[in-house]
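Chains as they are written, first to last, in my numbering: chain H, 1 to 139; chain V, 1001 to 1308.
Note that CB positions come from ideal geometry on N, CA and C, so glycine has one too.
Structure, as structure tokens:
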């Protein structure tokens, strides 16, 4: 296998995470893609999703992304989203509460684009938190 | 005697109280500036990555409504970034002055100007002169959030995409204050829309070199396709520009506030010293007068005694 890739996850107001990885899984508008070292250059639009990064020591880093882009160039992968959160930073209850609250607003029919975005983000956070929790129980 | 001792002391006490306030404000601004600076720096990775992505797509030469230039613009929007509160030296008035010059220049070119203002100072200034504002935001100039930037940018993009005949605009300019250093802040005019893709604002030469190395030689795949990628990228790009201007303006505002409050504190110190000196003189004069009165009185008594 080629060398590990340099990966950075960037939100509008901060650098969320940077490090090495051997696999990046994100969901583009066309479907899930996995990016391995030596991937051809790509610039793809993402839908709100859970991004998984496998680090060289086999651990998983999970991020909730609110759409955005993935840019692969050279051996460098950049995930760019207006809002991005590392799953370790999210409390599950808070995300769940957000989901039900936002779903109610959207059901009333006058949700802004931003609120829809936030719902996706919260859903992704719930998923991300469950994934890490599941991995922990597995040990 | 120029002023009574009591009056001088009263005046000195009041200046001392004012000095305490200005010193406290100076310290507050100084601590907030660190936070504002950190926020501006934390936003840099996103900005440079976004610029790189835009440059990458722009290299494949796609036309987009947000980049299309109009030959003779008929209406332009001017977005002015000012502060919500005063006591920041000439910060707001400098920005207002530059925006008025820009407005004048655009009018001479036969362009109608639609003003948008961020910050109470600018809103108050234009409203007092009966200028009708197309949009205003306040309460965000100290600590702007990305949501605020999104709100402003979306309003502007919508206005830009509207046809001129229906009240839309051909061009959008921003007047913000750039923080060159803690001592120098200068108001600047930047055109936000249509986007000039060549311009790589906030980019260091090292970054530009990185684009050349990693970007230009490579043949990129776009998903789903170059047009839709560019579409989403550009609206993020506009939001990011506004976000950048908000952060810079906030840092500049705090820097000029700190400077203004520092000179106010220094001036108060000088005033206190002068008043103290005057008060001492007045006290001395009072004592001297009392002594001469006593001596004079004693002399007069002695004269009386001699005559008897």
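Positions along the region 5-17 of chain H whose CB lies within less than 8 Å of some CB in chain V: For the region 5-17 of chain H, the set of positions with a beta-carbon nearer than 8 Å to some beta-carbon of chain V reads 8, 10, 11, 12, 13, 14 and 15 in chain order.
Cβ separation of residue 1246/V and residue 1036/V, assumed to be a contact under 8 Å, to the nearest whole Å: The residue given as residue 1246/V occupies position 246 in the second chain. The residue given as residue 1036/V occupies position 36 in the second chain. The Cβ separation is near 10 Å, so there is no contact.
Element boundaries [alpha helix (DSSP H), containing residue 1276/V]: Here the question's residue 1276/V lines up with position 276 in the second chain. 1226-1307 is the span of the alpha helix (DSSP H), which, as asked, contains residue 1276/V.
Residue 80/H beta carbon less than 8 Å from that of residue 1050/V: The sequence position of residue 1050/V within the second chain is 50, counting from 1. The sequence position of residue 80/H within the first chain is 80, counting from 1. Yes, the pair counts as a contact, with Cβ atoms nearer than the cut-off.
Alpha carbon of residue 1089/V to alpha carbon of residue 1096/V, nearest angstrom: One-based indexing of the second chain puts residue 1089/V at position 89. One-based indexing of the second chain puts residue 1096/V at position 96. Taking the straight line joining both Cα atoms gives about 13 Å.
Reduced DSSP secondary structure (H/G/I, E/B, other) of residue 96/H: Numbered from 1 along the first chain, position 96 holds the residue referred to as residue 96/H. If DSSP states are grouped into helix, strand and coil, residue 96/H belongs with the helices.
Cβ of residue 1016/V within 8 Å of any chain H Cβ: Position 16 of the second chain, counted from the start, is the residue given in the question as residue 1016/V. At a cut-off of 8 Å, the C-beta of residue 1016/V has no neighbouring C-beta in chain H.
Alpha helix (DSSP H) runs contained entirely in the region 1073-1146 of chain V, provided each spans 4 or more residues: Runs of the alpha helix (DSSP H) inside the region 1073-1146 of chain V: 1091-1108 and 1120-1128.
Contact set between residue 1266/V and chain H, taken where Cβ atoms lie within less than 9 Å: The sequence position of residue 1266/V within the second chain is 266, counting from 1. Per Cβ cutoff of 9 Å: no residues; residue 1266/V is ~36 Å from chain H at best.
Proximity test, Cβ basis, 8 Å: residue 1006/V and chain H: Taking the second chain and counting its residues from 1, the one referred to as residue 1006/V is at position 6. For residue 1006/V, the nearest beta carbon of chain H is not closer than 8 Å to its own beta carbon.
Top-ranked residue by Cα proximity to residue 106/H, from 93/H, 5/H and 120/H: Reading the first chain from its first residue, position 106 is the one you call residue 106/H. Closest by C-alpha distance to residue 106/H, out of 93/H, 5/H and 120/H, is 120/H.
Unbroken beta strand (DSSP E) run spanning residue 28/H, endpoints: Taking the first residue of the first chain as 1, we reach residue 28/H at position 28. Per DSSP, residue 28/H belongs to the beta strand (DSSP E) from 23-28.
Residues that DSSP places opposite residue 18/H in a beta bridge: Translated into the one-based positions of the first chain, residue 18/H becomes position 18. Paired residue(s): 8/H.
Short-range partners of chain H found in the region 1064-1094 of chain V, where Cβ spacing is below 9 Å: From the region 1064-1094 of chain V, no residue has a Cβ closer than 9 Å to chain H.
8 Å CB neighbourhood of residue 1236/V in its chain, flanking five on each side removed: Against the second chain, residue 1236/V aligns to sequence position 236. Shown here for residue 1236/V: same chain residues with a beta carbon closer than 8 Å to its own, the five before and five after excluded, namely 1050 in chain order.
Residue environment, residue 1013/V, which counts as buried when at least 16 other CB atoms sit within 10 Å: The residue you call residue 1013/V lines up with position 13 of the second chain. Counting C-beta atoms within 10 angstroms of its own C-beta, residue 1013/V has fewer than 16 neighbours from the protein chains shown and is therefore classed as exposed.
Straight-line gap, residue 1231/V to residue 1106/V (C-alpha atoms, nearest Å): Position 231 of the second chain, counting from 1, holds the residue named residue 1231/V. Position 106 of the second chain, counting from 1, holds the residue named residue 1106/V. Linking residue 1231/V to residue 1106/V through their CA atoms gives a straight-line distance of about 29 Å.
Contact with chain V by residue 40/H, beta-carbon distance below 8 Å: Working through the first chain from its first residue, we reach residue 40/H at position 40. Yes - at least one Cβ of chain V is within 8 Å of the one on residue 40/H.
Cβ-based burial, residue 1265/V [other Cβ within 10 Å; buried from 16]: Start at 1 with the first residue of the second chain, and residue 1265/V comes out as number 265. Counting Cβ neighbours within 10 Å, residue 1265/V comes out buried, since at least 16 surround it.
Positions along the region 1230-1261 of chain V whose CB lies within less than 8 Å of some CB in chain H: The residues in question are 1232, 1233, 1236, 1239, 1240 and 1243.
Cβ-based burial, residue 66/H [other Cβ within 10 Å; buried from 16]: Here residue 66/H refers to the residue found at position 66 when the first chain is read from its first residue. By the neighbour-count definition (other C-beta atoms within 10 Å, threshold 16), residue 66/H is a buried residue.
Rounded C-alpha distance that separates residue 143/H from residue 1152/V: One cannot answer for residue 143/H here, as it falls past the ends of chain H, which runs 1 to 139.
Classification of residue 1201/V by the beta-carbon crowding that lies within 10 angstroms, buried from 16 upward: The residue you call residue 1201/V lines up with position 201 of the second chain. Only weak support is given to the placement of residue 1201/V: the predicted model assigns it a pLDDT of 41, under 50, and the value that follows is read from those uncertain coordinates. Taking all protein chains shown into account, residue 1201/V has fewer than 16 neighbouring C-beta atoms within 10 Å of its C-beta and is therefore exposed.
Within 7 Å of chain V by C-beta, residues of the region 42-68 of chain H in sequence order: Correct list: 42, 43, 44 and 45.
Continuous alpha helix (DSSP H) stretch holding residue 1015/V: start and end: The count along the second chain starts at 1 and reaches residue 1015/V at position 15. Taken as a continuous stretch (DSSP letters only), the alpha helix (DSSP H) holding residue 1015/V covers 1005-1042.
Residues sharing a beta bridge with residue 1068/V, DSSP: Residue 1068/V sits at position 68 when you count from the first residue of the second chain. According to DSSP, which records beta bridges pairwise, residue 1068/V is partnered with nothing at all.
Cβ neighbour criterion (16 or more within 10 Å) applied to residue 1109/V: Indexing the second chain from 1 puts residue 1109/V at position 109. Residue 1109/V sits exposed, since fewer than 16 C-beta atoms from the chains shown fall within 10 Å of its C-beta.
Rounded C-alpha distance that separates residue 68/H from residue 1170/V: As a first step, residue 68/H is located in the first chain; it is residue number 68 there, counting from the start. As a first step, residue 1170/V is located in the second chain; it is residue number 170 there, counting from the start. C-alpha separation (whole angstroms): 28 Å.
Within 9 Å of chain H by C-beta, residues of the region 1128-1153 of chain V in sequence order: Within the region 1128-1153 of chain V, the residues whose Cβ lies closer than 9 Å to some Cβ of chain H are 1145, 1146, 1147, 1149, 1150 and 1151, listed in chain order.
Given residue 1238/V as reference, the closest of 1260/V, 1174/V, 1121/V and 1040/V once Cα atoms are compared: Numbered from 1 along the second chain, position 238 holds the residue referred to as residue 1238/V. Measuring from the Cα of residue 1238/V, the nearest candidate turns out to be 1174/V.
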